[in-house]
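Following the numbering used here, the numbering of the sequence shown begins with 7 at its first residue and continues without gaps.
A virtual CB, placed ideally from N, CA and C, is assigned to each residue, including glycine.
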Amino acid sequence: MSDLTIFPVDIAEMSVSQLAALPPEQKREVDKNLDAAIDWLKKARTKFDAALEQCYGEPARAALRESGRDFGTAHISDGPLHIKFELPKKVSWNQKQLGEIAERIVASGEKVEGYLDVKLSVSESRYINWPPALQQQFAAARTVDSGKPSFTLSTDGGEA
């Protein structure tokens with residue numbers, strides 16, 4: 007086992023080829039250290055975002071309301087610090103109720119696409135359990151691509 011410890015800051019100075027050439031135990035160490043750094047950063051970001059919300063959330067929302075809006079962007083200041091506050095609108099739709107509305111639209115003779123965005127899909131688990139004759143009917147509409155690969159590193163004794 008090598009005595010050299012490689013921390014996330016060291017990785018920025020290394021090329022992909024240098025990282026690929028590391029011995030296996032160092033690759034595992036880099037992987038472990040990056041996961042720890044990511045976890046720390048996520049927790050720190052969450053805590054700091056909560057502090058920003060506590061400090062500036064209400065004044066920024068008040069600035070939005072004063073401009074006649076519930077969502078959008080507001081700009082406030084705290085001494086020399088300029089804060090750009092963005093509060094996006096998040097809309098969700100009840101799928102059961104939309105389905106019922108879509109049925110009424112079709113029943114009235116209208117095209118549902120004129121009112122709703124329709125995306126049809128088939129779950130992969132359902133598709134692979136169909137009989138071959140049914141799969142063949144859908145095969146031309148199905149495209150299979152690969153996703154982003156992931157790697158989980160462990161030592162002979164298991165994950166470290």
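The beta carbons of Ala108 and Val118 sit closer together than 9 angstroms. By the neighbour-count criterion, in which a residue is buried when 16 or more other Cβ atoms sit within 10 angstroms of its Cβ, Ala50 is exposed.
Counting of Cβ neighbours within 10 angstroms places Val22 among the exposed residues, the total staying below 16. Nearest in C-alpha terms to Gly163, of all of Ile17, Phe157, Arg34, Arg71, is Arg34.
C-alpha of Gln143 to C-alpha of Tyr133: approximately 11 angstroms in a straight line. Lys90: member of the beta strand (DSSP E) spanning 87-93, first to last residue. CA-to-CA, the gap between Gly63 and Ala42 works out to about 30 angstroms. In this chain, Asp84 is not harboured by any alpha helix (DSSP H); it is covered by the beta strand (DSSP E) spanning 78-84.
In the DSSP assignment, Tyr133 falls within the alpha helix (DSSP H) that extends over 130-135.
Only exposed fits Val15, as fewer than 16 other CB atoms lie within 10 angstroms of its CB. In the three-state reduction of the DSSP assignment, Ser23 falls in the helix class, which pools H, G and I. Per DSSP, Gly74 lies in no alpha helix (DSSP H) segment and is marked neither H nor E. Using a Cβ distance threshold of 9 angstroms, Leu93 and Ala66 count as a contacting pair.
Of Thr11, Gln60, Glu59, the smallest CA-CA separation from Val36 is found for Thr11.
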